[in-house]
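Chains as they are written, first to last, in the numbering used here: chain A, 28 to 115; chain B, 28 to 115.
Cβ atoms here follow ideal geometry from the backbone N, Cα and C, with glycine treated the same way.
Heads up, the thing below is written out as structure tokens.
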């Protein structure tokens, strides 16, 4: 049986308890761009990737491992992801 | 009438036609982490923010302006966003 392909969309954000200097800077810039109605900007990473797996659960486990080992730093960041079956 | 608050989740990714060196490097690292089933990694930004607006359409227009003026570089990046009504 050939493996199935899944696409993962992963979001890695600074922990809510931590300051986010980049987000603060962007919030400040919004005022200068005549967009004072924008606030609480936070900036993180978005990662998309393909996984080969037998099923969606296995794909999710692989992505979980990748997040823990490489993509997110748990001291400063949390992550969320969605898995989609990729059209052949 | 007081304004409503909306939360926007914005994804800014490198254009699909462009190489993404950071993603390529991560794809390579996956092999070394015993995760060769992961491929086609692409890395972009995720931005979350709050907008005050009278309604969801106005909020979406404001976010569109913010993306064009500051958050995304259209030469190298595309953006997508979702808008959610924020609980009071």
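For residue 36/B, there is no enclosing alpha helix (DSSP H); the residue is found in the beta strand (DSSP E) stretching over 31 to 41. Residue state for residue 65/B is assigned as strand, using DSSP reduced to three classes. Excluding the 5 residues flanking it on each side, residue 57/B has same chain C-beta neighbours closer than 6 angstroms at 65, in chain order.
Relative to the Cα of residue 41/A, the nearest Cα in the group 78/A, 93/A, 69/A and 59/A belongs to 69/A. Excluding sequence positions up to five before and after residue 73/A, its CB lies within less than 6 angstroms of the CB of 38, all in the same chain and listed in chain order. Under a criterion of Cβ atoms nearer than 8 angstroms, the residues of chain A adjacent to residue 96/B are, in order, 60 and 62. For residue 68/B, at least one C-beta of chain A is nearer than 7 angstroms to its own C-beta. Proximity of the stretch 73 to 92 of chain A to the stretch 104 to 112 of chain A meets the contact definition, three or more beta-carbon pairs being nearer than 8 angstroms. Residue contact with chain A for residue 76/B: present (Cβ-Cβ distance below 7 angstroms to some residue of chain A).
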